[in-house]
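As structure tokens, the structure follows; a few thoughts come after it.
Number of protein chains: 2
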Amino acid sequence: MEQDVRAKRAPGRPRSDVTRQGVLDAAVDLMSTHAYRDITIEGIAATARVGKQSIYRWWPSKADLLLEAYTERPLYKMPPQILSGDAFSDLEDDLVRYFTVLRQEMVSKGVRSLVAEAQLDEAFRAKFYEAVWRKRCEAVHRILHHGVALRQIRADVDVEAVAHLIHGASLYRLLSGTSRPFDEDDARTVVSLLRDGLKAR
Amino acid sequence: MEQDVRAKRAPGRPRSDVTRQGVLDAAVDLMSTHAYRDITIEGIAATARVGKQSIYRWWPSKADLLLEAYTERPLYKMPPQILSGDAFSDLEDDLVRYFTVLRQEMVSKGVRSLVAEAQLDEAFRAKFYEAVWRKRCEAVHRILHHGVALRQIRADVDVEAVAHLIHGASLYRLLSGTSRPFDEDDARTVVSLLRDGLKAR
DNA sequence: TTAATTATAATACGGCCCGTCTCGTATGCC
DNA sequence: GGCATACGAGACGGGCCGTATTATAATTAA
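Chains as they are written, first to last, in our numbering: chain A, 1 to 201; chain B, 202 to 402.
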């Protein structure tokens, strides 16, 4: 395997990072002032003062562009968690932190829009899963397995089912749009509902 | 409150039910052969051999039209459930029946598309909730309250949280599109995970 | 220095569908 | 028959799509 320090340079003019950042910024800016529906590629290009073709060259769709903006901006990042000796409080902490990110208006609006796109475009659905849900599932995995090692959580726990219950509940709230978004109290409620079902015997 | 047997007739030519059914049929037909994205009002009108205006006159959007088609067609209906003396098996039965409906390809495709619309259109979001989620939440409510009366379920149960966990999990599976859809086994898993948290002391 | 290659901003283009409007006609009430 | 509204058909302007073109800029290879 070649491990050259300097990346292999392609011939021709290189991609402009100024343009790239400008496009991502324009997309995020527009998202804070417009409905996702009303955002167009042409509008992003005009806002960023960039050629339309420069967008089409690098991003297959508006959704891909926004997903990239979101995963790159710090707004949506969760700092890594250090596991304590208590699996249940670890789980609760993780959820509190997750719900806190999700409660930001720009985040929930973005998730809403991208979930919508994911339902209408199979290719994007897979990308969205990889970029968003996978990490969340892995976080729950990690906490539960640690809890199993500590003998606090039953060894035959269905990790996938638990992850889906937790993420599903918050997602349902977000998408149905009828109740308030998930908060710390909800994290406690969810963990306490699952606690007995998860406990080691 | 007036309770006239004959509905008050508006003047002018009455709405044609043939046209209405034709439009709904065309929409459902197109959904079975096309992606939701590719379905247009013009396409529905042409398929139904109906004037475009006849669609715009009665439905505010493609999504409203499809929601009406879905709620009216038997494919999406769940027969009412008779509660037994065991709240947990009632809950499991309800979920099995719900998941069975949801597992039909046309149903999951429709839910996917309409969830997407609901995220992009606030007005439709409320309508979709009323037409779809409300009934599901009420079903869970009913079962849990019955269980409380039977002293099988703790009286201080957070019914809303349980309903959101259950519907969220199946929704998450459907929308993330990575694992298989929910089935009987999942219904058992979900109920067993929640069982101890719900049980009366 | 020059040639080759690719990116960039700007803009033009055909095409599709939107939602509205306008026909002439049909179908119900009074 | 008069009135009101629905109907099928289609014309219309407008917006955005995604592609193509153009002239220019930036970088590498010879």
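The beta-carbon is built from N, C-alpha and C at its ideal position, and this holds for glycine as well.
- Message: Assess contact between the segment 230-245 of chain B and the segment 190-198 of chain A, defined as three or more Cβ pairs (one per stretch) separated by less than 8 Å. Is contact present?
- Response: no
- Message: So B/Ser-393 contacts chain A; which residues on that side make the cut at Cβ distance below 8 Å?
- Response: Gly-197
- Query: Considering only the beta carbon of each residue, do A/Ala-123 and A/Ala-69 sit closer than 8 Å?
  - Reply: no
- Query: Quick one: does A/Ser-176 have its CB under 8 Å from some CB of chain B?
  - Reply: yes
- Look at B/Arg-402 and A/Gln-119 and say whether their C-beta atoms are less than 8 Å apart. no
- Query: Does the beta-carbon distance from A/Ile-44 to A/Leu-67 come in below 8 Å?
  - Reply: no
- Roughly how far, in whole angstroms, is the beta-carbon of B/Ala-264 from the beta-carbon of B/His-347, given that I think they are within contact range, below 8 Å? Their Cβ separation, rounded to whole angstroms, is 35 Å, which puts B/Ala-264 and B/His-347 out of contact at 8 Å.
- Item | Cβ contact check for the segment 83-102 of chain A and the segment 45-55 of chain A: 3 or more pairs under 8 Å | Segments in contact, no.
- Query: Could you give the residue range of the alpha helix (DSSP H) that holds B/Glu-318?
  - Reply: 306-321
- Query: On the three-state DSSP scale, how would you describe A/Gln-153?
  - Reply: Looking at the sequence itself, residue 153 of chain A is Ile, so the reference to Gln does not match. In this structure, A/Ile-153 counts as strand in the three-state DSSP scheme.
- What are the residues that DSSP puts in a beta bridge with B/Lys-336? B/Lys-336 pairs with nothing; no bridge assigned.
- Message: Strictly under 8 Å for the Cβ-Cβ distance: is B/Trp-259 near chain A by that measure?
- Response: Answer no: the Cβ-Cβ gap between B/Trp-259 and chain A never drops below 8 Å.
- When DSSP builds the beta bridges, which residues end up paired with A/Lys-199? Answer by DSSP bridge pairing, in chain order: A/Ile-153.
- Query: Around the Cβ of A/Lys-127, are there at least 16 other Cβ atoms within 10 angstroms (buried) or fewer (exposed)?
  - Reply: buried
- Task: List the residues of chain B whose Cβ lies closer than 7 Å to the Cβ of A/Asp-158, in chain order.
- Result: What A/Asp-158 touches in chain B: Thr-390.
- Given that B/Arg-374 touches chain A, what residues does it touch there, using C-beta distances under 7 Å? His-164
- Message: Let's see if you can read the secondary structure: which residues bound the alpha helix (DSSP H) around A/Asp-25?
- Response: 17-33
- Give a yes or no on contact between the segment 127-146 of chain A and the segment 172-182 of chain A, applying the rule of three or more CB pairs nearer than 8 Å. no
- Closer than 8 Å by C-beta to B/Glu-361: which residues in its own chain qualify, once you throw out the five before and the five after it? Chain order, please. Cys-338
- Can you give me the Cβ contacts of B/Tyr-330 inside the same chain, cut-off strictly under 8 Å, excluding the 5 residues immediately before and after it? Same-chain partners within the cutoff: Ala-319.
- Message: Check whether chain A comes within 8 Å of B/Gly-348, counting only Cβ atoms and requiring the distance to be less than that.
- Response: Not an interface residue.
- Query: Run through DSSP, which three-state label would A/Ile-41 get?
  - Reply: helix
- Message: Less than 7 Å between C-beta atoms, sequence neighbours within five positions excluded: which residues of the same chain meet that for A/Val-107?
- Response: Leu-75, Tyr-76, Val-101
- Query: For a contact meaning CB atoms closer than 8 Å, what does B/Ala-370 contact in chain A?
  - Reply: Result: Ala-161, His-164, Leu-165, Gly-168, Ala-169.
- Task: With DSSP as the reference, label A/Phe-182 as helix, strand or coil.
- Result: coil
- Task: Measure the C-alpha to C-alpha separation of A/Ile-55 and B/Arg-343 and round it to an integer number of angstroms.
- Result: 52 Å
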